[in-house]
Ligand code: AMP
Ligand code: MG
């Protein structure tokens with residue numbers, strides 16, 4: 088492997104002078120040097136050829152001992168000095184103080200084809216930020232992160248990427264549901280790839296500690312390398328930086344709402360400044376359309392991070408970032424303006440996005456009503472979001488409402504409930520919908536092509552990941568490969584994989600790992 092090493096983060100930003108791997112508070116620094124813990128018997132389960140190629144690693148090189156050793160943390164790349172980042176954050180709405188990379192270690196930054204990437208191992212052992220935990224990750228959560236990041240990428244959702252999934256050969260103790268039943272599980276390490284792993288919480292930490300010189304240097308560092316198009320007076324630049332982060336965050340959340348992704352832990356330490364989805368923990372996919380759903384059992388009381396609340400939470404998180412930047416700007420108004428327009432712009436984009444899923448291009452005065460009518464219908468009886476939207480491609484402009492309702496019939500979990508007022512409501516909505524389709528200038532075929540490009544046929548349903556996990560626990564990794572291949576083309580028909588275009592099976596309704604997840608990964 089010939090990776091072009093180019094460490095800008097560690098070369099330019101303040102380092103923790105202490106290089107011992109002891110848990111501690113680290114002030115006046117953005118990272119601590121720390122090496123991965125050597126795994127006892129690493130074994131490659133899967134690697135992404137596409138991500139490897141992106142960073143300059145060939146398919147042949149993936150199969151080498153060198154690849155296995157580097158991306159399991161067994162060996163360190165020459166001329167590199169791995170490090171864990173120091174950041175803070177708000178967790179579930181409360182200030183949590185210093186957090187940092189407790190189970191993630193950045194191997195290095197590299198340059199390939201004029202792009203910069205940070206390569207990071209997740210589950211590579213203790214760091215100064217591991218707090219009370221072990222710095223390790225279990226196979227179950229590593230499979231979930233590995234597959235989902237790639238699935239999101241192919242869905243067109245901005246995200247970190249997954250390079251490799253490797254068994255460590257070590258056992259890790261976890262209490263899956265925090266109910267006093269710990270058990271040993273297989274340990275694993277994922278190498279993930281992103282422009283950087285800088286989070287809102289990185290800025291919050293510097294502001295909370297009143298390290299204003301470092302804060303200024305850090306913001307300028309970010310602008311220089313990640314937002315070089317930003318120019319002007321310093322204050323103007325900081326505001327532009329905030330606006331850009333707000334914009335990309337808004338676009339990311341819009342995609343989440345489009346595909347039915349629920350992050351589950353939108354703490355400010357899990358928000359990337361690049362507007363990419365990061366930290367796949369107790370995430371989940373909406374199956375029956377329910378804006379109140381969250382897969383995260385830790386959040387089952389307040390449902391702070393429920394599907395329908397994600398845009399508001401993104402704004403709340405941006406508010407925390409604005410607070411952190413405030414000492415450099417000293418003016419609240421322009422920051423507030425950006426925060427206000429976040430929701431206004433989101434709502435207007437959301438409307439266009441849903442109309443796009445419906446195959447409608449032209450807007451109408453009653454769009455808000457039309458969309459909220461649809462969304463309330465979707466909740467009258469359990470309705471699968473993915474199947475509902477995808478099967479709209481079976482409808483023709485010339486159809487009657489009754490036929491249109493039949494066309495999406497597979498989306499209903501309890502078809503016997505679609506009668507009386509529920510049926511009437513649907514027929515009324517489909518009557519409006521068909522009228523809208525008839526006002527469009529597009530043919531059925533044109534409309535369907537548009538819809539098929541925004542309504543995925545295949546997403547990583549919660550039970551699918553769990554099936555791959557159950558098989559992997561028994562040493563069978565074939566389902567990981569199958570799902571990986573399937574999810575590379577989520578908008579294609581792929582008749583050979585038709586079985587994955589199906590509602591959640593009944594056994595998965597309330598199974599741990601399928602609809603209930605904790606942060607214990
Ligand atoms: P998360 O909920 O995954 O975003 O993690 C929140 C904080 O806890 C971060 O600082 C993580 O690095 C840390 N953390 C989570 N799991 C572990 C673990 N197994 N070992 C050490 N630190 C962890
Ligand atoms: Mg995190």
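Residue numbers (the numbering used here): 88 to 608. Beta carbons are placed, not taken as given, at the ideal position from N, Cα and C, and that holds for glycine.
{"Check": "Could you tell me the boundaries of the alpha helix (DSSP H) in which residue 447 lies?", "Outcome": "Looking at the DSSP string, residue 447 is not in any alpha helix (DSSP H), and its letter there is neither H nor E."}
{"Check": "Does the structure place the stretch 438 to 453 close enough to the stretch 362 to 374 that three or more beta carbon pairs sit under 8 Å?", "Outcome": "no"}
{"Check": "With distances taken from CA atoms, which of 242, 336 and 181 is nearest residue 575?", "Outcome": "242"}
{"Check": "From which residue to which residue does the alpha helix (DSSP H) around residue 538 run?", "Outcome": "531 to 539"}
{"Check": "From this set, 292, 167, 133 and 533, which residue's C-alpha is nearest residue 91's C-alpha?", "Outcome": "167"}
{"Check": "Who does residue 267 pair with in a DSSP beta bridge?", "Outcome": "Note: residue 267 sits in no beta bridge, so no partner."}
{"Check": "Can you check which of these residues, 192, 554, 467 and 545, is closest to residue 583 by C-alpha distance?", "Outcome": "545"}
{"Check": "Could you spell out the range, first to last residue, of the alpha helix (DSSP H) harbouring residue 130?", "Outcome": "Careful: residue 130 lies outside any alpha helix (DSSP H), inside the beta strand (DSSP E) at 130 to 134."}
{"Check": "Tell me where the alpha helix (DSSP H) around residue 345 begins and ends.", "Outcome": "321 to 346"}
{"Check": "Excluding the 5 residues preceding and the 5 following residue 342 in the sequence, name in chain order all residues of the same chain whose CB lies nearer than 6 Å to its CB.", "Outcome": "244"}
{"Check": "Unbroken alpha helix (DSSP H) runs of length 4 or more, entirely within the stretch 146 to 192: which are they?", "Outcome": "146 to 149 and 152 to 159"}
{"Check": "For the candidate residues 224, 232, 598 and 181, whose alpha-carbon lies nearest to that of residue 272?", "Outcome": "224"}
{"Check": "Hey, would you say the C-beta of residue 262 is under 6 Å away from at least one heavy atom of the ligand MG?", "Outcome": "no"}
{"Check": "Could you give the distance in angstroms between the alpha-carbon of residue 257 and the alpha-carbon of residue 175?", "Outcome": "29 Å"}
{"Check": "Can you have a look at residue 160 and say buried or exposed, based on whether 16 or more other CB atoms are within 10 angstroms of its CB?", "Outcome": "buried"}
{"Check": "Less than 7 Å separating the beta-carbons of residue 564 and residue 132?", "Outcome": "yes"}
{"Check": "Need the endpoints of the beta strand (DSSP E) that residue 393 sits in, please.", "Outcome": "Careful: residue 393 lies outside any beta strand (DSSP E) and carries neither H nor E."}
{"Check": "What's the C-alpha gap between residue 148 and residue 89?", "Outcome": "10 Å"}
{"Check": "Shorter than 6 Å, the distance from the beta carbon of residue 366 to the closest heavy atom of the ligand MG, or not?", "Outcome": "yes"}
{"Check": "Which residues does DSSP pair with residue 471 in a beta bridge?", "Outcome": "375"}
{"Check": "Can you tell me where the alpha helix (DSSP H) holding residue 312 begins and where it ends?", "Outcome": "299 to 313"}
{"Check": "Quick check on residue 302: buried or exposed, where buried means 16 or more other Cβ atoms within 10 Å of its Cβ?", "Outcome": "buried"}
{"Check": "Between residue 604 and the ligand AMP, is there a pair consisting of the residue's CB and a ligand heavy atom that are separated by less than 6 Å?", "Outcome": "no"}
{"Check": "Between residue 296 and the rest of its own chain, which residues show a CB-CB distance below 7 Å, the 5 nearest in sequence each way excluded?", "Outcome": "114"}
{"Check": "Need the endpoints of the beta strand (DSSP E) that residue 257 sits in, please.", "Outcome": "248 to 261"}
{"Check": "Cα separation between residue 533 and residue 207?", "Outcome": "42 Å"}
{"Check": "Assign residue 586 to buried or exposed, taking buried as 16 or more other Cβ atoms, counted over all protein chains shown, within 10 Å of its Cβ.", "Outcome": "exposed"}
{"Check": "Kindly give me the distance between the Cβ atoms of residue 229 and residue 171, rounded to whole angstroms, as I take these residues to be in contact under 8 Å.", "Outcome": "Contact doesn't hold; Cβ gap of about 18 Å is too wide."}
{"Check": "Can you have a look at residue 523 and say buried or exposed, based on whether 16 or more other CB atoms are within 10 angstroms of its CB?", "Outcome": "buried"}
{"Check": "Starting from the Cα of residue 442, find the closest Cα among 431, 456, 430 and 429 and give me that residue.", "Outcome": "456"}
{"Check": "Indicate, with yes or no, if the ligand AMP has a heavy atom lying under 6 Å from the CB of residue 679.", "Outcome": "Missing from the structure shown is residue 679; the chain here goes from 88 to 608 and no further."}
{"Check": "Examine the ligand MG and report whether any of its heavy atoms sits within less than 6 Å of the Cβ of residue 357.", "Outcome": "yes"}
{"Check": "Under 6 Å: does the beta carbon of residue 190 sit that close to some heavy atom of the ligand AMP?", "Outcome": "yes"}
{"Check": "Assuming residue 324 and residue 444 make a contact with CB atoms under 8 Å, what is their CB distance in whole Å?", "Outcome": "Wrong, their Cβ atoms sit about 37 Å apart, outside the cutoff."}
{"Check": "Using 7 Å as the threshold, is the C-beta distance between residue 481 and residue 525 below it?", "Outcome": "no"}
{"Check": "Identify whether residue 204 lies in helix, strand or coil by the three-state DSSP scheme.", "Outcome": "strand"}
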